[in-house]
Amino acid sequence: MGAYRQSLVLDDRDAWSLNNLARLYIGQGQFAQALGPLARAIEIDSTVAPFHNNLGIALERTGHIVQAAEAYRAAVAIDSTHGKAAASLTRLAGLKQDPAVAPVDLREAARSFVEQSKTWR
(Lines of atoms letter the chains of each structure in order from A; the text may use other names.)
(Lines give C-alpha, C1' and ligand atoms only; values in the text may rest on other atoms or scores of the structure.)
Protein backbone atom coordinates (compact mmCIF):
# COMPACT_ATOMS: atom_id res chain seq x y z
CA MET A 403 0.00 0.00 0.00
CA GLY A 404 2.86 2.33 0.82
CA ALA A 405 4.30 2.05 -2.68
CA TYR A 406 1.02 3.18 -4.27
CA ARG A 407 0.71 6.03 -1.80
CA GLN A 408 4.26 7.11 -2.61
CA SER A 409 3.48 6.90 -6.32
CA LEU A 410 0.48 9.16 -5.78
CA VAL A 411 2.59 11.65 -3.83
CA LEU A 412 4.80 11.89 -6.91
CA ASP A 413 1.89 11.99 -9.40
CA ASP A 414 -1.58 12.46 -7.94
CA ARG A 415 -3.10 11.93 -11.41
CA ASP A 416 -1.72 8.38 -11.84
CA ALA A 417 -5.04 6.64 -12.47
CA TRP A 418 -3.50 3.17 -12.46
CA SER A 419 -1.92 3.72 -9.04
CA LEU A 420 -5.30 4.92 -7.78
CA ASN A 421 -6.94 1.79 -9.19
CA ASN A 422 -4.26 -0.49 -7.75
CA LEU A 423 -4.49 1.12 -4.31
CA ALA A 424 -8.25 0.55 -4.44
CA ARG A 425 -7.70 -3.08 -5.42
CA LEU A 426 -5.58 -3.50 -2.29
CA TYR A 427 -8.41 -2.06 -0.21
CA ILE A 428 -10.87 -4.42 -1.92
CA GLY A 429 -8.56 -7.37 -1.25
CA GLN A 430 -8.51 -6.44 2.44
CA GLY A 431 -12.29 -6.16 2.56
CA GLN A 432 -12.14 -2.36 2.96
CA PHE A 433 -14.68 -1.69 0.24
CA ALA A 434 -15.72 1.78 1.42
CA GLN A 435 -12.05 2.84 1.44
CA ALA A 436 -11.77 1.79 -2.23
CA LEU A 437 -14.51 4.17 -3.39
CA GLY A 438 -12.47 7.37 -3.21
CA PRO A 439 -9.45 6.22 -5.21
CA LEU A 440 -11.66 4.55 -7.82
CA ALA A 441 -13.90 7.59 -8.20
CA ARG A 442 -10.77 9.71 -8.63
CA ALA A 443 -9.27 7.28 -11.18
CA ILE A 444 -12.46 7.51 -13.24
CA GLU A 445 -12.43 11.31 -13.03
CA ILE A 446 -8.92 11.21 -14.50
CA ASP A 447 -9.59 8.54 -17.14
CA SER A 448 -13.14 7.32 -17.65
CA THR A 449 -12.20 5.12 -20.63
CA VAL A 450 -10.71 2.20 -18.67
CA ALA A 451 -13.16 -0.67 -18.13
CA PRO A 452 -11.34 -2.22 -15.12
CA PHE A 453 -11.69 1.05 -13.18
CA HIS A 454 -15.47 0.89 -13.61
CA ASN A 455 -15.55 -2.83 -12.83
CA ASN A 456 -13.59 -2.33 -9.61
CA LEU A 457 -15.85 0.57 -8.67
CA GLY A 458 -18.79 -1.78 -9.24
CA ILE A 459 -17.26 -4.31 -6.85
CA ALA A 460 -16.73 -1.71 -4.13
CA LEU A 461 -20.22 -0.28 -4.58
CA GLU A 462 -21.84 -3.71 -4.58
CA ARG A 463 -20.01 -4.77 -1.42
CA THR A 464 -21.11 -1.60 0.35
CA GLY A 465 -24.75 -2.25 -0.55
CA HIS A 466 -25.08 0.25 -3.41
CA ILE A 467 -26.63 -2.18 -5.89
CA VAL A 468 -28.06 0.39 -8.31
CA GLN A 469 -24.78 2.31 -8.57
CA ALA A 470 -22.82 -0.94 -8.82
CA ALA A 471 -24.94 -1.98 -11.80
CA GLU A 472 -24.27 1.42 -13.41
CA ALA A 473 -20.52 0.93 -12.94
CA TYR A 474 -20.63 -2.59 -14.42
CA ARG A 475 -22.68 -1.28 -17.36
CA ALA A 476 -20.07 1.41 -17.95
CA ALA A 477 -17.31 -1.22 -17.97
CA VAL A 478 -19.19 -3.33 -20.53
CA ALA A 479 -19.96 -0.25 -22.64
CA ILE A 480 -16.24 0.53 -22.81
CA ASP A 481 -15.20 -3.08 -23.41
CA SER A 482 -17.94 -5.49 -24.48
CA THR A 483 -15.56 -8.42 -23.83
CA HIS A 484 -15.10 -7.54 -20.15
CA GLY A 485 -16.43 -10.83 -18.82
CA LYS A 486 -16.17 -10.03 -15.11
CA ALA A 487 -18.32 -6.92 -15.44
CA ALA A 488 -20.86 -8.73 -17.64
CA ALA A 489 -21.09 -11.61 -15.15
CA SER A 490 -21.50 -9.21 -12.24
CA LEU A 491 -24.22 -7.34 -14.09
CA THR A 492 -26.09 -10.60 -14.68
CA ARG A 493 -25.71 -11.55 -11.01
CA LEU A 494 -27.08 -8.18 -9.87
CA ALA A 495 -30.17 -8.50 -12.04
CA GLY A 496 -31.94 -10.43 -9.28
CA LEU A 497 -30.90 -8.19 -6.40
CA LYS A 498 -32.83 -5.25 -5.00
CA GLN A 499 -31.39 -2.05 -3.60
CA ASP A 500 -32.01 -1.65 0.14
CA PRO A 501 -34.02 1.60 0.34
CA ALA A 502 -32.15 2.50 3.55
CA VAL A 503 -28.85 2.68 1.64
CA ALA A 504 -28.40 6.20 0.29
CA PRO A 505 -26.48 6.69 -2.97
CA VAL A 506 -22.77 7.44 -2.71
CA ASP A 507 -21.70 10.86 -3.91
CA LEU A 508 -18.73 9.73 -5.98
CA ARG A 509 -17.54 13.29 -6.68
CA GLU A 510 -17.38 13.89 -2.95
CA ALA A 511 -15.61 10.55 -2.42
CA ALA A 512 -12.99 11.56 -5.00
CA ARG A 513 -12.61 15.02 -3.45
CA SER A 514 -12.24 13.56 0.05
CA PHE A 515 -9.66 11.10 -1.20
CA VAL A 516 -7.60 13.90 -2.80
CA GLU A 517 -7.68 15.82 0.50
CA GLN A 518 -6.69 12.70 2.44
CA SER A 519 -3.83 11.95 0.06
CA LYS A 520 -2.36 15.41 0.68
CA THR A 521 -1.54 14.25 4.22
CA TRP A 522 0.79 11.60 2.80
CA ARG A 523 3.31 14.25 1.75
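523 is the number that this note's numbering gives the last residue of the sequence shown; the numbers go up by one with no jumps.
Every residue gets a Cβ at the ideal spot worked out from N, C-alpha and C, and that includes glycine.
Since we're looking at a predicted model, the values are computed, not measured.
- Cβ atoms of residue 443 and residue 453 come within 8 Å of each other, at about 5 Å.
- Residue 506 sits in coil when the DSSP states are folded into three classes, being neither helix nor strand.
- Cβ-Cβ distances below 7 Å link residue 419 to 406, 409, 410 in the same chain, with the five nearest sequence neighbours on each side left out; the list follows chain order.
- Between residue 458 and residue 434, the gap from beta carbon to beta carbon reaches 8 Å or more.
- Residue state for residue 482 is assigned as coil, using DSSP reduced to three classes.
- When C-alpha distances from residue 504 are compared across 467, 483, 519, 513, the shortest belongs to 467.
- The residues 456, in chain order, have a CB closer than 7 Å to that of residue 425 in the same chain once the five nearest residues on each side in sequence are set aside.
- With a 10 Å radius around the Cβ and a threshold of 16 neighbouring Cβ atoms, residue 438 comes out buried.
- Cβ-Cβ distances below 6 Å link residue 515 to 438, 439, 442 in the same chain, with the five nearest sequence neighbours on each side left out; the list follows chain order.
- When DSSP states are grouped into helix, strand and coil, residue 466 belongs to the coil group.
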